[in-house]
Structures are given as structure tokens and as C-alpha cells.
Amino acid sequence: MDGSDHVASAEPLDENDPLYVAEEDADPSSYILSSGKVADELRHSGAGPSAYDASNDKAVYGPMLTLSEFKIRVSDAVREYFDSSDADEVVRCIDEMKCREYHPEVVKRAISLGLDAEPRERELVSRLLACLHPNPLTDEEMEMGFEVLLDSIDDLVIDIPDAKAMVGSFLARAVVDEVLAPAFLSNRNNTHPGDCVVEKAVSLLSREHCTARLEKVWGPGDGRPVSELKEIMDQLLKEYLLSRELDEAASCVRELKASHFHHELVKRGVKIAMEEDGRDHASESSSLDAMAALFKFLVNNSICSEYQVSKGVSRLRKILADLKLDVPAAPKMLDEFEEMARDGGFLHVSGTVGEKA
Numbered sequence: 110m111d112g113s114d115h116v117a118s119a120e121p122l123d124e125n126d127p128l129y130v131a132e133e134d135a136d137p138s139s140y141i142l143s144s145g146k147v148a149d150e151l152r153h154s155g156a157g158p159s160a161y162d163a164s165n166d167k168a169v170y171g172p173m174l175t176l177s178e179f180k181i182r183v184s185d186a187v188r189e190y191f192d193s194s195d196a197d198e199v200v201r202c203i204d205e206m207k208c209r210e211y212h213p214e215v216v217k218r219a220i221s222l223g224l225d226a227e228p229r230e231r232e233l234v235s236r237l238l239a240c241l242h243p244n245p246l247t248d249e250e251m252e253m254g255f256e257v258l259l260d261s262i263d264d265l266v267i268d269i270p271d272a273k274a275m276v277g278s279f280l281a282r283a284v285v286d287e288v289l290a291p292a293f294l295s296n297r298n299n300t301h302p303g304d305c306v307v308e309k310a311v312s313l314l315s316r317e318h319c320t321a322r323l324e325k326v327w328g329p330g331d332g333r334p335v336s337e338l339k340e341i342m343d344q345l346l347k348e349y350l351l352s353r354e355l356d357e358a359a360s361c362v363r364e365l366k367a368s369h370f371h372h373e374l375v376k377r378g379v380k381i382a383m384e385e386d387g388r389d390h391a392s393e394s395s396s397l398d399a400m401a402a403l404f405k406f407l408v409n410n411s412i413c414s415e416y417q418v419s420k421g422v423s424r425l426r427k428i429l430a431d432l433k434l435d436v437p438a439a440p441k442m443l444d445e446f447e448e449m450a451r452d453g454g455f456l457h458v459s460g461t462v463g464e465k466a
């Protein structure tokens with residue numbers, strides 16, 4: 110008998126076995142894929158599983174991949190991004206891996222690959238970090254990623270002699286892009302006094318016109334400063350609110366050739382609409398409704414992604430306290446816009462969860 114037509118029934122676990130785990134015996138419908146602390150805490154806290162393993166018909170707690178597997182997939186995604194410049198695809202890849210425990214590693218891997226590439230790729234890495242924050246990488250995860258990178262700088266210098274200077278530039282650019290809080294540098298200085306990489310970043314941020322300089326820290330890029338992009342965005346958004354011509358506005362957005370920066374377009378568009386409506390947000394043809402129609406049109410025509418809409422809304426929510434001073438109804442109006450966006454199918458819902466908290 111070769112056993113091919115015989116399937117042995119599962120034997121009960123032996124409580125005297127040194128590898129026996131009571132929880133696994135009590136709940137055979139799930140298992141812990143990782144032995145990490147967070148996975149164990151999730152299992153015992155009653156929180157939902159990270160994912161579901163259909164092949165074994167069990168819930169999974171903890172990351173879906175090992176750290177080594179995660180590093181390989183992130184590296185592959187970043188290399189593909191260097192070819193495609195599609196940051197949203199990297200975001201989707203990270204979301205699909207469901208390995209939040211390893212998110213800080215994304216920062217280290219992306220920058221490490223950028224260090225070993227050309228200025229164009231380093232510019233793409235800086236833009237990618239801006240796209241990854243604050244979702245799927247939170248403030249804490251982004252800071253932890255830079256901490257891991259800084260702690261491994263001596264190893265990087267062996268293969269890349271200019272690594273310290275370049276990482277200092279990445280740090281300073283991240284502060285300008287609002288990926289890192291300035292306090293990160295001062296906290297790092299307190300815990301690691303004399304860190305030449307942090308001192309390099311502080312020096313770059315202390316220069317006159319540092320923002321404009323750091324926006325081009327990796328070279329000319331697409332040749333258009335962020336400040337100029339913002340001015341053009343404001344102009345086209347205001348002209349759209351006057352004309353309400355969707356095709357013309359979409360054409361202007363295409364001409365910007367700044368898909369990585371569409372979250373700023375969303376943020377500025379909704380803000381301008383709020384200011385236009387002001388206290389009298391009751392008209393059926395309100396600016397907020399018109400702005401929702403514009404971004405629905407842009408998403409439906411694959412000009413702007415749902416993720417960029419989500420990130421723009423998230424960034425706007427962070428400045429609501431200041432916006433309320435000029436537009437008291439701003440929080441209510443932003444909630445209305447989010448509802449219109451969800452109903453219209455142009456908001457990346459998973460990207461906004463937790464941002465409102």
C-alpha cells in the first residue's frame with residue numbers, strides 16, 4: 110500500500126510535547142505565521158488576523174512573509190519603480206504584502222538602492238518616500254526606517270564612499286517634503302551627538318533658500334520647482350471653478366506631468382473650494398461639489414489615482430485646525446467631500462482609515 114489512497118486523521122496534540130502550544134490546540138482554525146512579539150500580542154489581544162490562508166483554511170497572525178522575503182520583494186518593487194516611475198504601484202505592493210512590522214525596512218531599502226544609482230533614481234526615491242507617507246508608512250515607521258538606515262551607515266560607506274553625504278541630503282529633503290518632522294534631527298542629535306550625517310542635514314536646512322535648493326538636491330529633475338507647480342495648480346483650479354469645464358481642466362493637469370504630486374492638487378483644490386464656499390456652503394452648485402466632480406473625472410480617466418486623492422485628503426485633514434480660523438465649517442465640508450468621493454468611487458478608502466483619528 111503506497112498511502113496514496115489513505116489520509117490519516119489528525120492526531121490530538123500531546124500536552125507533554127515540549128513544543129506544545131495550548132492556544133494552537135484550543136483554536137485549530139488559526140495559526141501564528143511569525144513568532145514575533147507583535148504577532149503574539151495580536152493573537153492574545155483578540156484583534157483580527159492579518160490575513161487568511163485559503164490553502165490551509167486558517168487565519169494568519171503576524172506578517173505574511175519572512176523579513177528576507179519582504180526585503181527581496183521591496184527591492185524588486187523599487188527597481189521596477191525606477192523604470193516605470195509609478196509610485197502608486199509600490200504603494201499597492203506594500204499594502205498587499207501585509208507586513209506592517211517590516212515597514213521601516215522600506216525606507217532603508219529604497220534609499221540604499223538610490224545611493225547605488227544615478228541622481229534620477231535618487232530623486233525618484235525622495236518622491237517615493239513622500240508618496241508612502243503617511244500611508245502605508247506612518248510617522249513612526251518612517252522615523253524608524255531612517256533610524257535603521259543611520260545605524261547601518263558605516264556598512265554602506267564600505268561600498269559607497271559618499272553614502273554619508275547622500276544620506277544627509279535624503280534626510281534634509283525628507284524634512285522639506287514633510288516626510289520627517291524637524292524634531293527627528295534634534296532628537297537624533299541628542300541620542301547620537303556628533304553624528305556627521307545629521308549635521309550634514311542640519312547644515313543643508315540652515316542655508317538661505319534651503320527649500321528651493323533641496324527640491325533640486327538631486328539635480329534638475331523635471332526642471333520645475335515645487336513652488337512653481339503649486340502656483341500653476343492654484344491657477345488652473347481657480348479657472349476651473351469659474352468655467353466648470355472638465356476637459357480643459359483635465360488637459361491642464363496632464364500637462365503638469367507631475368503624477369507623483371497630484372495629492373497636492375487634491376489638497377489645494379478642496380481647500381480653495383472651501384474658501385470659495387465659505388460660510389454659505391448650501392448652494393446646489395457649490396465649489397465643493399464642482400471640485401468633487403473634477404477629481405471624479407480625473408480618476409475615471411486615469412489621470413489621477415485614487416491613492417493620490419486619499420493622500421491629498423489626509424494631508425488637508427492635518428491642517429484643519431488652521432483652516433478653521435478662516436473657514437469655520439471646514440471640518441464638516443471635508444467630511445462632505447470624503448462622502449462624495451466614496452460615493453463617487455474615486456477615494457482609496459483603505460488609505461484614509463485611521464487618518465481621521
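In this note's numbering, the protein residues as written are 110 to 466. Here a beta-carbon is modelled for each residue, glycine too, at the ideal position from N, C-alpha and C.
Report task. Using 10 angstroms around the beta-carbon of residue 451, count the other beta-carbons present and answer buried if the total reaches 16, otherwise exposed. Result -> By the neighbour-count rule (16 or more Cβ atoms within 10 Å), residue 451 is not buried but exposed.
Requested in this report: Out of 205, 366, 211 and 398, state which residue places its alpha-carbon closest to the alpha-carbon of residue 341.
Outcome: Per the Cα distances, 366.
Requested in this report: In the DSSP assignment, find the unbroken alpha helix (DSSP H) run with residue 197 in it and report its ends.
Outcome: Going by DSSP, residue 197 is part of the alpha helix (DSSP H) stretching over 196-206.
**Report entry** Distance, residue 423 Cα to residue 328 Cα
**Finding:** A straight line joining the alpha-carbon of residue 328 with that of residue 423 spans about 29 Å.
Query raised in the report: Going by alpha carbons, who is nearest to residue 209 out of 251, 195, 302 and 429?
Result: Measuring from the Cα of residue 209, the nearest candidate turns out to be 251.
Query raised in the report: Alpha carbon to alpha carbon, what distance is there between residue 265 and residue 355?
Result: About 49 Å.
Requested in this report: Consult DSSP for residue 139 and reduce its assignment to one of helix, strand or coil.
Outcome: Low per-residue confidence applies at residue 139: pLDDT is 46, beneath 50, and the placement is therefore not dependable, though the value from the model is reported in the following sentence. In this structure, residue 139 counts as strand in the three-state DSSP scheme.
Requested in this report: Could you pull out every residue in the same chain whose Cβ sits closer than 6 Å to the Cβ of residue 203, ignoring the five residues on either side in sequence?
Outcome: Hits under 6 Å: 245.
Requested in this report: Quick one: give me the first and last residue of the alpha helix (DSSP H) that residue 416 is part of.
Outcome: Looking at the DSSP string, the run of the alpha helix (DSSP H) that includes residue 416 is 415-427.
Query raised in the report: Are residue 436 and residue 384 closer than 8 Å when you measure CB to CB?
Result: Yes, the Cβ-Cβ distance between residue 436 and residue 384 is below 8 Å.
Requested in this report: Return the chain-ordered ranges of every alpha helix (DSSP H) run that is complete within the segment 321-409 and spans a minimum of 4 residues.
Outcome: With a minimum length of 4 residues, the continuous alpha helix (DSSP H) runs that stay inside the segment 321-409 are 335-352, 355-365, 371-386 and 396-409.
Report task. May I have the straight-line CA-CA distance separating residue 421 from residue 190, to the nearest angstrom? Result -> Answer to the nearest angstrom: the Cα atoms are 21 Å apart.
Query - As assigned by DSSP and simplified to three states, the class of residue 440 - result: In this structure, residue 440 counts as helix in the three-state DSSP scheme.
**Report entry** Cβ separation of residue 187 and residue 219, assumed to be a contact under 8 Å, to the nearest whole Å
**Finding:** 5 Å between Cβ atoms; contact.
**Report entry** DSSP-derived helix/strand/coil call for residue 236
**Finding:** In the structure shown, residue 236 sits in a helix (DSSP, three-state: H, G or I).
Query raised in the report: When we look at the beta-carbon of residue 455 and count the other beta-carbons within 10 Å, is it buried (16 or more) or exposed?
Result: So residue 455 ends up on the buried side.
Requested in this report: Compute the Euclidean distance between the alpha carbons of residue 289 and residue 372, then round it to the nearest angstrom.
Outcome: So the alpha carbons of these two residues sit roughly 17 Å apart.
**Report entry** Inter-residue spacing [alpha-carbon to alpha-carbon] between residue 382 and residue 241
**Finding:** If I take the Cα positions, the gap works out to 26 Å.
Query raised in the report: Is DSSP giving residue 299 helix, strand or coil here?
Result: The answer is helix: DSSP assigns residue 299 an H, G or I state.
Query raised in the report: Where do the ends of the alpha helix (DSSP H) carrying residue 260 lie?
Result: Unbroken alpha helix (DSSP H) run through residue 260: 248-260.
Report task. Compare the Cα-Cα distances from residue 295 to each of 287, 282, 310 and 316 and report the closest residue. Result -> Sorting 287, 282, 310 and 316 by C-alpha distance to the C-alpha of residue 295 places 310 at the top.
Query raised in the report: Candidates 182, 277 and 213: which alpha carbon is nearest residue 248's?
Result: Ranking the options by Cα distance to residue 248, first place goes to 213.
Query - Distance, residue 260 Cα to residue 143 Cα - result: In this prediction, residue 143 has a pLDDT of 49, which is less than 50 and means its spatial position is unreliable; what the coordinates show is noted afterwards. When rounded, the separation of the alpha-carbon atoms in residue 143 and residue 260 is 25 Å.
**Report entry** residue 191: first and last residue of the uninterrupted alpha helix (DSSP H) it sits in
**Finding:** Annotation for residue 191: the continuous alpha helix (DSSP H) segment containing it runs 176-193.
Query raised in the report: Grouping DSSP H, G and I as helix and E and B as strand, with all else coil, what is residue 306?
Result: If DSSP states are grouped into helix, strand and coil, residue 306 belongs with the helices.
Query raised in the report: Can you tell me where the alpha helix (DSSP H) with residue 220 in it begins and where it stops?
Result: Residues 213-224.
Requested in this report: Starting from the Cα of residue 417, find the closest Cα among 378, 428 and 430 and give me that residue.
Outcome: Of the candidates 378, 428 and 430, the one whose C-alpha sits nearest the C-alpha of residue 417 is 378.
Query raised in the report: Looking at the unbroken alpha helix (DSSP H) that takes in residue 290, where does it start and where does it end?
Result: First-last for residue 290: undefined, no H or E at that position.
Query - Buried/exposed call for residue 337, threshold 16 Cβ in 10 Å - result: Its Cβ having fewer than 16 others within 10 Å, residue 337 is exposed.
Query raised in the report: How long is the line joining the alpha carbons of residue 409 and residue 399, rounded to whole angstroms?
Result: Approximately 15 Å, taken between the alpha carbons.
Query raised in the report: How would you label residue 351, buried or exposed, when you count the other beta carbons within 10 angstroms and need 16 or more for buried?
Result: Flag for residue 351 reads exposed.
Query raised in the report: Can you tell which of 353, 312, 181 and 231 has its C-alpha closest to the C-alpha of residue 406?
Result: With respect to the C-alpha of residue 406, the residue from 353, 312, 181 and 231 having the closest C-alpha is 353.
Query raised in the report: Where do the ends of the alpha helix (DSSP H) carrying residue 279 lie?
Result: Note, residue 279: alpha helix (DSSP H), 272-285.
Query raised in the report: Exposed or buried, what is residue 414 when buried is set at 16 or more other beta-carbons lying within 10 Å of its beta-carbon?
Result: Buried, by the Cβ-count rule.
**Report entry** Inter-residue spacing [alpha-carbon to alpha-carbon] between residue 174 and residue 412
**Finding:** Within the model, the alpha-carbon separation for residue 174 versus residue 412 is close to 33 Å.
Query - Residues near residue 346 by beta carbon distance below 7 Å, same chain, minus five either side - result: The residues 377, 378 and 381, in chain order, have a CB closer than 7 Å to that of residue 346 in the same chain once the five nearest residues on each side in sequence are set aside.
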